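Visitor: Take a look at this one; I'll ask things after.
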Amino acid sequence: MNTQDLIKIEDDYFINTFTRQPIVLDHGEGVKVWDIDGNEYLDMFAGIAVNCLGHNHPKLVKAIQDQAEKLIHISSIYYNEPALIYAKRLIEMTSFDRIFYANSGAEANEGAIKLAVKYTGKSEIISTVDSFHGRTIMTLAATGHEEYHEPFKAVMPKGFINVEYNNIDAIKEAITENTAAILIEPVQGEGGVNVPDKEYFQEIEKLCKEKGIVLIVDEVQTGFGRCGTLFAHELYGIKPDIMTMAKGIGGGVPMGGILATEEVASAFVPGDHGTTFGGGPLVCAAANAVLDAFEEENVLDNVNEVGQYFIDELKKLDKDVIADVRGVGLMVGLELTKPGAEYVDKLREAGFLINCTSGNVLRFVPPLTITKEEIDEFVKALDENL
Ligand SMILES: Cc1ncc(COP(=O)(O)O)c(C=O)c1O
Numbered sequence: 002m003n004t005q006d007l008i009k010i011e012d013d014y015f016i017n018t019f020t021r022q023p024i025v026l027d028h029g030e031g032v033k034v035w036d037i038d039g040n041e042y043l044d045m046f047a048g049i050a051v052n053c054l055g056h057n058h059p060k061l062v063k064a065i066q067d068q069a070e071k072l073i074h075i076s077s078i079y080y081n082e083p084a085l086i087y088a089k090r091l092i093e094m095t096s097f098d099r100i101f102y103a104n105s106g107a108e109a110n111e112g113a114i115k116l117a118v119k120y121t122g123k124s125e126i127i128s129t130v131d132s133f134h135g136r137t138i139m140t141l142a143a144t145g146h147e148e149y150h151e152p153f154k155a156v157m158p159k160g161f162i163n164v165e166y167n168n169i170d171a172i173k174e175a176i177t178e179n180t181a182a183i184l185i186e187p188v189q190g191e192g193g194v195n196v197p198d199k200e201y202f203q204e205i206e207k208l209c210k211e212k213g214i215v216l217i218v219d220e221v222q223t224g225f226g227r228c229g230t231l232f233a234h235e236l237y238g239i240k241p242d243i244m245t246m247a248k249g250i251g252g253g254v255p256m257g258g259i260l261a262t263e264e265v266a267s268a269f270v271p272g273d274h275g276t277t278f279g280g281g282p283l284v285c286a287a288a289n290a291v292l293d294a295f296e297e298e299n300v301l302d303n304v305n306e307v308g309q310y311f312i313d314e315l316k317k318l319d320k321d322v323i324a325d326v327r328g329v330g331l332m333v334g335l336e337l338t339k340p341g342a343e344y345v346d347k348l349r350e351a352g353f354l355i356n357c358t359s360g361n362v363l364r365f366v367p368p369l370t371i372t373k374e375e376i377d378e379f380v381k382a383l384d385e386n387l
């Protein structure tokens with residue numbers, strides 16, 4: 002079937018939730034992907050900051066193939082080796098003590114909020130304006146976009162307060178006797194790649210300790226090397242009580258998770274939370290392969306080196322339409338003085354996949370394995386098209 006006929010299937014049969022780009026992708030290799038007509042694209046979006054090792058990474062593919070031949074799914078009622086090994090490996094790399102496996106970012110955040118509420122016995126959650134935490138009803142309430150809440154006001158849970166990001170006074174004012182948790186992204190992704198001050202997070206950690214509030218960092222987008230450390234909160238030198246993760250964790254297979262300290266995790270007992278698919282052998286085999294690649298291929302070093310190079314090169318672009326260049330590691334935003342949608346189209350036509358968020362911020366979250374040469378190719382295309 003040709004592209005138009007295939008896209009018509011969505012028009013005819015899908016529930017209408019996405020505005021998609023008009024290409025049908027077929028296969029990929031490293032940072033490149035090809036559509037069914039053979040057109041090549043440099044993928045600066047990586048499936049919304051997911052494909053941390055790029056496409057068709059041999060170790061990841063082999064791990065998935067090998068595991069698929071053994072066991073794909075067994076449910077959370079039985080043990081499986083890849084999930085047990087992965088938990089031990091990951092926890093030993095972080096300041097956390099316990100893990101819960103989920104399937105997506107929203108589901109991880111949903112569970113984290115439940116855990117904080119059960120641990121504290123309190124019912125208010127503070128999150129930030131322009132944040133994004135998911136599309137389930139509770140994570141939508143935490144998400145700081147009034148326009149997303151509007152159609153669902155009738156069923157929106159109470160107790161969620163959105164305050165200005167990177168403003169410690171706004172958090173102080175919102176805290177009450179009933180505050181269970183602060184849920185916050187180390188860098189706001191969907192909100193426009195907003196990088197806060199280091200002191201902001203350190204103050205939040207202090208406040209949480211003083212007042213017995215649970216600090217939940219949402220590392221769904223910033224985690225897994227995206228910002229140059231395994232998890233971005235490490236950049237601020239803080240130790241949260243709970244962290245949520247997804248996206249890059251499985252290199253492309255749908256996987257999420259909650260990490261928590263022993264103290265906070267102890268609030269859950271069997272029956273408080275669960276999942277059918279979470280922590281299955283297939284996704285955990287993939288996650289182990291992602292960690293192997295991080296260790297063996299110096300992925301974090303690449304993020305730091307190429308990420309800084311990318312930001313430096315973007316800053317050299319002399320265009321009236323550029324209002325700001327910002328980012329950490331390979332989570333980079335180019336704020337424009339006008340809406341960015343037309344540039345997404347132009348660049349796609351020139352062979353580059355990018356995304357525009359917050360209306361006027363071009364967001365670049367390429368595979369973490371991208372090279373300086375590929376960045377040069379992309380920056381040249383930006384220069385020609387902006
Ligand atoms: C920071 C953050 N949290 C949560 C989510 C939701 O993740 P998912 O789409 O896997 O449910 C996203 C998705 O973009 C995100 O960026």
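Numbering (the numbering used here), first residue to last: 2 to 387. Just so it is clear, CB atoms sit at the ideal spot from N, CA and C, and this is done for glycine as well. These numbers were taken from a predicted model, which means no experiment stands behind them.
(1) Can you list every residue whose CB sits closer than 6 Å to some heavy atom of ligand 1, going in chain order?
(2) My guess is that N163 and Y201 are in contact by the Cβ rule of under 8 Å, so how many angstroms apart are they, rounded?
(3) Could you tell me which residues DSSP puts in a beta bridge with Y310?
(4) In chain order, which continuous runs of the alpha helix (DSSP H) of length 4 or greater are located wholly inside the region 247-304?
(5) On the DSSP bridge list, what partners appear for F101?
(6) What separation, rounded to the nearest whole angstrom, lies between the Cα atoms of T4 and L383?
(7) Does DSSP classify C209 as helix, strand or coil?
(8) Counting only runs that start and end within the region 134-177, where is the alpha helix (DSSP H) found for 4 or more residues in a row?
(9) Under 8 Å: do the region 244-258 and the region 43-63 share three or more Cβ pairs, one atom per stretch?
(10) Does the Cβ of V156 have 16 or more other Cβ atoms within 10 Å, making it buried, or fewer, making it exposed?
(11) From G328 to V362, what does the alpha carbon distance come to, in whole angstroms?
(12) Do K248 and A50 have their beta-carbon atoms positioned less than 7 Å apart in this structure?
(13) With distances taken between CB atoms, is the gap from A181 to T140 smaller than 7 Å?
(14) Using the Cβ count rule (16 or more neighbours within 10 Å means buried), how would you classify D1?
(15) Who are the near neighbours of K60 in its chain, counting only those whose CB is closer than 7 Å to its CB and skipping five residues on each side?
(16) Which of the three DSSP states is assigned to Y87 in this structure?
(17) Compute the Euclidean distance between the alpha carbons of P241 and V34, then round it to the nearest angstrom.
(18) I'd like the span of the beta strand (DSSP E) that includes A182, first residue to last.
(19) For N126, which three-state DSSP category applies?
(20) For the alpha helix (DSSP H) containing D67, name the first residue and the last one.
(21) Between which residues of its own chain and G160 is the CB-CB distance below 7 Å, once the five residues before and five after are set aside?
(22) Have a look at G221 and P282 and give me their C-alpha separation to the nearest angstrom.
Guide: On the basis of the supplied data:
(1) Cβ-based neighbours of ligand 1 within the cut-off: I49, S105, G106, A107, N110, F133, H134, G135, E186, G190, E191, D219, V221, Q222 and A247.
(2) Translated into positions along the sequence shown, residue 163 becomes position 162. Translated into positions along the sequence shown, residue 201 becomes position 200. That pair is no contact at about 16 Å.
(3) Position 309 of the sequence shown, counted from the start, is the residue given in the question as residue 310. None, per the DSSP bridge assignment.
(4) Those alpha helix (DSSP H) runs which fall completely within the region 247-304 and span 4+ residues are 263-266 and 282-297.
(5) As a first step, residue 101 is located in the sequence shown; it is residue number 100 there, counting from the start. Answer is I259.
(6) What you label residue 4 is simply residue 3 of the sequence shown in a count that begins at 1. What you label residue 383 is simply residue 382 of the sequence shown in a count that begins at 1. About 26 Å.
(7) One-based indexing of the sequence shown puts residue 209 at position 208. Here C209 sits in helix by DSSP.
(8) Segments of the alpha helix (DSSP H) lying fully in the region 134-177: 138-143, 147-150 and 169-175.
(9) In this structure the region 244-258 touches the region 43-63; the number of beta carbon pairs closer than 8 Å is three or more.
(10) Working through the sequence shown from its first residue, we reach residue 156 at position 155. With fewer than 16 other beta carbons inside 10 angstroms of its own, V156 counts as exposed.
(11) In the sequence shown, residue 328 corresponds to position 327, counting from 1. In the sequence shown, residue 362 corresponds to position 361, counting from 1. Distance between the alpha carbons of G328 and V362 is about 12 Å.
(12) For the purposes of this step, residue 50 is taken as the residue at position 49 of the sequence shown. For the purposes of this step, residue 248 is taken as the residue at position 247 of the sequence shown. Yes, these two residues count as a Cβ contact at 7 Å.
(13) On the sequence shown, position 180 is the one that residue 181 refers to. On the sequence shown, position 139 is the one that residue 140 refers to. If you check the CB distance, A181 and T140 do not come in under 7 Å.
(14) With the chain running from 2 to 387 in the structure shown, residue 1 is simply not present.
(15) As a working note, residue 60 is residue 59 in the sequence shown. Correct list, in chain order: A290, D293 and A294.
(16) The residue you call residue 87 lines up with position 86 of the sequence shown. If DSSP states are grouped into helix, strand and coil, Y87 belongs with the helices.
(17) Numbered from its first residue, the sequence shown carries residue 241 at position 240. Numbered from its first residue, the sequence shown carries residue 34 at position 33. For P241 and V34, the distance between alpha carbons rounds to 37 Å.
(18) By one-based count along the sequence shown, residue 182 stands at place 181. Note, A182: beta strand (DSSP E), T180 to I185.
(19) As a position in the sequence shown, residue 126 is number 125, starting the count at 1. Note that residue 126 corresponds to Ile in the displayed sequence, not to Asn. If DSSP states are grouped into helix, strand and coil, I126 belongs with the strands.
(20) Numbered from 1 along the sequence shown, position 66 holds the residue referred to as residue 67. Where D67 is concerned, the enclosing alpha helix (DSSP H) stretches over P59 to K71.
(21) Within the sequence shown, residue 160 is the residue found at index 159, counting from 1. The answer, listed in chain order, is S124, E125 and I126.
(22) Indexing the sequence shown from 1 puts residue 221 at position 220. Indexing the sequence shown from 1 puts residue 282 at position 281. Inspection of the sequence shows that residue 221 is occupied by Val rather than by Gly. Spanning the two alpha carbons is a distance of roughly 21 Å.
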